[in-house]
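Numbering (the working numbering), first residue to last: 6 to 379. For each residue, glycine too, the CB sits at the ideal point set by N, CA and C. Working notes, beginning with the structure itself.
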Ligand code: CXF
Ligand code: ZN
């Protein structure tokens, strides 16, 4: 095992210019007292990595992205008590730990989420990574991990210990996309037995929501997408009905299926017209959640009086309102019991196929790419 107490060379996927990843050597520094060095076994690729790669969501370049890492603890800082070297971990978003929502036990609603996860540096301006030639700045700390790399420095707050008998290379997406969909259903909306539920978008987040709705006992689960392959997969994973938004009128179809609209709905697309359709398709007193990243200037507008008199609720949800140390092991237990088959979403790629993985995800050829790294 390499000595993690001194700076050493690792391999990472860098975004030097917007639009593509490039594998190369970088220097990884030692962990601070509250940090952990994780040997990354595999990392999921999430839509958020791509919007940052393309600078739609700007993080300064050059940067190492990746925020669905899974691996083995290699070294821990002096104050770390949660894990020891050799433990298997999944890495999630990083809460600040000091704001009101964090104190209230809602770290996913952290008031400093963007400053902590998208700044490309630690709060004090320092970095765990440096360019291989030692000169200039390499932005890192993406979601407190930057896990498109053979090794990542994580923090005790975003590192989740997972059961050692689980297939580690599969687990990274639990830390973002999968907990986002499942958590919104099970934790934010609290979808219940016998309820009706619709999801706009059947990508990794939406399909995780479908599986979670089945776990929750919803008896009508409607998946809306424009890709027939995704609608077929949704039906296999528990959707009782599918709607092709390109060929059918979504609101009309949901009303036809349910009679009076759905109890619960969530939107993964971030597209205001679809969010409007989702709210319209709710029944009286229904509840909907928005959780997909939208364009910077996107605005949701609703017919105000109708919204008020229908007594509906529309909520914003980040990361499924998850407390990862609690929720990720719960989802994993469900998976190990065969009740949450999120492996059905995953296609594995080698680390050096990262650009191909991204292209396949964008074209809808894969649902959740996972890069095998070590
Ligand atoms: C993100 C989406 C944009 C807001 C923060 C959380 N989810 C993760 O990919
Ligand atoms: Zn993500």
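Mapping the DSSP letters down to three states, classify residue i as helix, strand or coil.
i: residue 223; result: coil
i: residue 155; result: coil
i: residue 68; result: strand
i: residue 41; result: strand
i: residue 289; result: strand
i: residue 302; result: coil
i: residue 361; result: helix
i: residue 294; result: strand
i: residue 369; result: coil
Is it true that the CB of residue j sits closer than 8 Å to the CB of residue i?
i: residue 366; j: residue 50; result: yes
i: residue 210; j: residue 202; result: no
i: residue 381; j: residue 186; result: Coverage of the chain is limited to positions 6 through 379, which leaves residue 381 absent and any answer about it impossible.
i: residue 293; j: residue 270; result: yes
i: residue 70; j: residue 348; result: no
i: residue 165; j: residue 114; result: no
i: residue 48; j: residue 74; result: yes
i: residue 123; j: residue 62; result: yes
i: residue 168; j: residue 99; result: no
i: residue 110; j: residue 328; result: yes
i: residue 159; j: residue 43; result: yes
Less than 7 Å between the CB of residue i and some heavy atom of the ligand ZN, yes or no?
i: residue 273; result: no
i: residue 107; result: no
i: residue 72; result: yes
So is the beta-carbon of residue i under 7 Å away from any non-hydrogen atom of the ligand CXF?
i: residue 323; result: yes
i: residue 189; result: no
i: residue 201; result: no
i: residue 292; result: no
i: residue 300; result: no
i: residue 48; result: no
i: residue 118; result: yes
i: residue 185; result: yes
* Taking the runs of the alpha helix (DSSP H) that are 4 residues or longer, which of them lie wholly in the segment 250-279? -> The qualifying runs are 255-263.
* **Any alpha helix (DSSP H) of 4 or more consecutive residues that is wholly inside the segment 81-139** => 105-108 and 118-122
* **Test item, CB below 5 Å from any non-hydrogen atom of the ligand ZN** => 51, 53 and 181
* To do: Only counting runs of 3 or more residues, tell me where the beta strand (DSSP E) segments fall wholly within the segment 167-249, in order along the chain.
  => Considered as a whole, the segment 167-249 harbours 201-205, 225-230 and 246-249 as its complete beta strand (DSSP E) runs of no fewer than 3 residues, in chain order.
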